[in-house]
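Each remark here refers to the structure printed beneath this line.
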Amino acid sequence: GAVVSQHPSWVICKSGTSVKIECRSLDFQATTMFWYRQFPKQSLMLMATSNEGSKATYEQGVEKDKFLINHASLTLSTLTVTSAHPEDSSFYICSARGHEQETQYFGPGTRLLVL
Amino acid sequence: AQSVTQPDIHITVSEGASLELRCNYSYGATPYLFWYVQSPGQGLQLLLKYFSGDTLVQGIKGFEAEFKRSQSSFNLRKPSVHWSDAAEYFCAVGALAGKSTFGDGTTLTVKP
């Protein structure tokens, strides 16, 4: 149990385009989802926390207009990188947590390359 | 504010040898502690977690960790390392319904 999927697993796009990444909890209801960014050989940097049906809470320094997060259902959250630029290239990982649970379950990640 | 320190950036052990990865945390209350493993290009897999009770917790893949409040530590151990254990290991501290803070990770290399 507690499986989280992400789609796509990797994406290459041109600078200036927008990219949407999906995060799904497959066998549980995720009341909270987290989006992280990870640079090579570095730890996870929390970008935002989203609760189902609410606006996402962004960490300091993360541009909310750049990284649009939607958590419209208990099993799906999306991250849209708008007007992507090469510096947005990174590994994006989502995690999901059920109601009053302590443990986050992570997706496999999405590698974004912006040319 | 909560924080996690993993003092060892890189550890190399021989296959079959024992392993200990260090983790120190800073947290104002009783912490929820986690160890995750990440293979290259993959997400994070939960190895084990501590919330309360017995301070020695068992996890998957033969890993265990011991919570020592007096030392603010939650070190990960395995008695005999396998080549497949080579990966990045992250310690994390969090709270119920709150955010988790991750350490910078320790890269484990296993020599044949």
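Just so you know, the protein sequences line up as chains A and B, in that order. The first sequence begins at 34 in this note's numbering and counts up by one. The second sequence begins at 220 in this note's numbering and counts up by one. Ideal Cβ positions, reconstructed from N, Cα and C, are used throughout, including at glycine. In this text, all values refer to a predicted model and were calculated from it rather than measured experimentally.
Indicate whether residue i and residue j have their beta-carbon atoms separated by less than 8 Å.
i: B:Tyr255; j: B:Leu238; result: no
i: A:Ser116; j: A:Leu145; result: no
i: A:Ser76; j: B:Asp304; result: no
i: B:Trp302; j: B:Pro259; result: no
i: B:Tyr244; j: B:Ser222; result: yes
i: B:Tyr308; j: B:Thr320; result: no
i: A:Gly142; j: B:Gly262; result: yes
i: A:Cys46; j: A:Val147; result: yes
i: B:Ala284; j: B:Leu295; result: yes
Whose C-alpha, out of the options, is nearest the C-alpha of residue i?
i: A:Cys127; options: A:Thr50, A:Trp68, A:Ser42; result: A:Trp68
i: A:Gly94; options: A:Ala81, A:Gln71, A:Ala129, A:Val52; result: A:Ala81
i: B:Phe181; options: B:Gly281, B:Lys318, B:Ile230, B:Thr274; result: There is no way to answer for residue 181 of chain B, as the model of chain B reaches only from 220 to 331.
i: A:Glu96; options: A:Asp121, A:Asn84, A:Gly86, A:His104; result: A:Asp121
i: A:Ser106; options: A:Glu92, A:Thr143, A:Ala129, A:Pro119; result: A:Ala129
i: A:Thr111; options: A:His132, A:Phe61, A:Asn84, A:Gln137; result: A:Asn84
i: B:Val184; options: B:Lys287, B:Gln225, B:Gly281; result: Any property of residue 184 of chain B remains undetermined from this structure, which presents chain B solely from 220 to 331.
i: A:Val37; options: A:Thr108, A:His118, A:Tyr91, A:Asp98; result: A:Thr108
i: A:Leu155; options: A:Val52, A:Pro41, A:Gln39, A:Ser48; result: Only positions 34 to 148 of chain A appear in this structure, which leaves residue 155 of chain A out of reach.
Any C-beta of chain A sitting closer than 8 Å to the C-beta of residue i?
i: B:Phe293; result: no
i: B:Gly272; result: no
i: B:Tyr251; result: yes
i: B:Lys280; result: no
Listing by chain order, which chain B residues have their CB less than 7 Å from the CB of residue i?
i: A:Ser76; result: Phe309, Phe321, Gly322, Asp323, Gly324
i: A:Pro153; result: With chain A covering only 34 through 148, there is no way to say anything about residue 153 of chain A.
i: A:Leu107; result: What A:Leu107 touches in chain B: nothing, since even the nearest Cβ is about 16 Å away.
Which residues in chain B have a C-beta closer than 8 Å to the C-beta of residue i? List them in chain order.
i: A:Ile126; result: Gly262, Leu263
List the DSSP bridge partners of residue i.
i: A:Thr111; result: A:Glu55, A:Asn103
i: B:Glu283; result: B:Gln277, B:Arg296
i: A:Phe139; result: A:Ser128
i: A:Val36; result: BP columns for A:Val36 are empty, so no partner.
i: A:Gln71; result: A:Leu77, A:Phe124
Is the CB of residue i under 8 Å away from at least one CB in chain B?
i: A:Gln93; result: no
i: A:Thr82; result: yes
i: A:Glu55; result: no
At 7 Å on the CB atoms, spell out the chain A contacts of residue i, in chain order.
i: B:Tyr269; result: Ordered by position in chain A, no residue passes the 7 Å Cβ test against B:Tyr269, which lies about 10 Å from the chain.
At a threshold of 7 Å, does residue i count as lining the ligand NAP (C-beta to nearest heavy atom)?
i: B:Lys330; result: Within the structure as shown, the ligand NAP is missing, as the structure has no ligands at all.
What in chain A is Cβ-close to residue i, meaning under 8 Å?
i: B:Lys297; result: Simply none; closest approach about 21 Å.
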